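Engineer:
Residue numbers (the numbering used here), protein chains in the order written: chain A, 1 to 198; chain B, 1 to 198.
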């Protein structure tokens, strides 16, 4: 059975975007080296250090489903129907888009309108033995509060942003104790993975 | 010539004390293992993992002076005149304590009343070839803003505290770019050291 992960690139001072909503500094590690990796989205390739590329190779093939929120889905126009990670996507939303609003009806996108627990259940079914990754702070927070988040992963980026949007905030139960992390070094990110100890 | 460091134990979500002012979770790594290290303060010893004890051994002997604020000095009663690190202490304050208020007149404590730059200058003179360590968020922030902080070190602790006092806030210039870190693993803390790239 796969597990439920959250993942974010985060500044040393805890922000996943700056005060203007930019992630330019936080995403430097995707293009901070010579190793080219093509993604499932033909418009996008990574150019990373060897360590970061190896890290991605250790993570991405194990992803069986992604959970995202409606805001990111809208912002990216649903990745044109093809998420760069190459995994099926579960979108947590109040209303599923109509066929007119969402022309990629054959794409592996599922819209869940009855909350986080239903979304995780559906994503786990889609993922099978692989992992479910949550790439939304709001949804990661809801999963954590519901006791459904197994692992918190962080690409810790060597910047102080000073202000912006935090990874976790308004925790229902605190403190949240985590395991010691597994650690992988990279260029412009340190990859940390913590198990949540409920 | 030594360099100017800041150091704090910080939760994964960026806090150096929780909403109640407690550091219990953040300081677990000082007592999370079997290796006993005596400190310069006879009332205090550390019981750490081998990795954490080795980390301390790699850092503490290089400290030539500590800079602290008046609040921490008062809170700890000036460590009874003997800081556990065993280095001279420079206290940044508006008013030096009187001989009555501070009975440890022979202890290596210096009170600086004319601001952060004077305090760093004096601490560097005291430290000689060794490093100056700032253990105060307010003073670390002032040093960073003044371009006088060389290295930011963090003992990154596997907890989400959800709220509390952040390490850095109200940065005068942002973003602040840091180097890739050096990394040492520990038990209940990961020791990260970043050079500030002004």
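Positions of the beta carbon are idealized from the N, C-alpha and C atoms, including for glycine.
Note that the structure is predicted; figures quoted are calculated from it, not measured.
Any beta carbon from chain B within less than 7 Å of residue 158(A)'s own beta carbon?
Structural biologist: yes
Engineer: With a floor of 3 residues, list each beta strand (DSSP E) that falls wholly inside the stretch 77 to 119 of chain B, ordered by position along the chain.
Structural biologist: 89 to 92 and 109 to 112
Engineer: Looking at the C-beta of residue 171(B), does it have a partner C-beta in chain A at a distance below 7 Å?
Structural biologist: yes
Engineer: Under three-state DSSP, which class holds residue 193(B)?
Structural biologist: strand
Engineer: Check each residue of the stretch 173 to 184 of chain B: if its Cβ is closer than 8 Å to any Cβ of chain A, include it; give the result in chain order.
Structural biologist: 174, 175, 176, 177, 178, 179, 180, 181 and 183
Engineer: List, in chain order, every chain E residue whose beta-carbon is nearer than 9 Å to that of residue 18(B).
Structural biologist: Reference to chain E is not applicable here, since the protein chains of this structure are A and B.
Engineer: Once DSSP output is grouped into helix, strand and coil, what is the label at residue 46(B)?
Structural biologist: strand
Engineer: Please name the residue, chosen from 43(B), 189(B) and 151(B), that lies closest to residue 194(A) on a Cα-to-Cα basis.
Structural biologist: 189(B)
Engineer: Using the beta-carbon count (16 or more within 10 Å), is residue 103(B) buried or exposed?
Structural biologist: exposed
Engineer: Strictly by DSSP, which residues pair up with residue 7(A)?
Structural biologist: 153(A)
Engineer: Output the distance between the C-alpha atoms of residue 169(A) and residue 139(A), rounded to the nearest integer angstrom.
Structural biologist: Near 12 Å, if we compare the C-alpha coordinates of residue 139(A) and residue 169(A).
Engineer: To the nearest angstrom, report how far apart residue 209(B) and residue 45(A) are at their CA atoms.
Structural biologist: The shown model of chain B, from 1 to 198, leaves out residue 209(B), and the question about it has no answer.
Engineer: For the stretch 25 to 46 of chain B, which residues have a beta carbon sitting closer than 7 Å to at least one beta carbon of chain A?
Structural biologist: 25
Engineer: Note down, in chain order, every chain A residue with its Cβ under 7 Å from the Cβ of residue 147(B).
Structural biologist: Residues of chain A passing the Cβ test: none, with the nearest at roughly 14 Å.
Engineer: Closer than 7 Å, CB to CB, is residue 13(A) near chain B or not?
Structural biologist: It does: the Cβ of residue 13(A) has a partner Cβ on chain B nearer than 7 Å.
Engineer: Let me check understanding here. Comparing Cα to Cα, which of 32(B), 78(B) and 16(B) lies closest to residue 111(B)?
Structural biologist: 78(B)
Engineer: Determine whether the Cβ of residue 194(A) lies closer than 7 Å to any Cβ atom of chain B.
Structural biologist: yes
Engineer: Are the C-beta of residue 73(A) and some C-beta of chain B separated by less than 7 Å?
Structural biologist: no
Engineer: If you draw a straight line from the alpha carbon of residue 192(B) to that of residue 185(B), how long is it in whole angstroms?
Structural biologist: 9 Å
Engineer: Which chain B residues are close to residue 166(A), counting only those with a beta carbon under 8 Å from its beta carbon?
Structural biologist: 13 and 14
Engineer: Roughly how many whole angstroms lie between the Cα atoms of residue 152(A) and residue 177(A)?
Structural biologist: 11 Å
Engineer: Measuring alpha carbon to alpha carbon, tell me which residue in 26(A), 109(A) and 81(A) is nearest residue 90(A).
Structural biologist: Just measuring C-alpha positions, the residue of 26(A), 109(A) and 81(A) sitting nearest residue 90(A) is 109(A).
Engineer: Going along the stretch 1 to 12 of chain A in order, which residues come within less than 9 Å of chain B, judged by CB to CB distance?
Structural biologist: 10, 11 and 12
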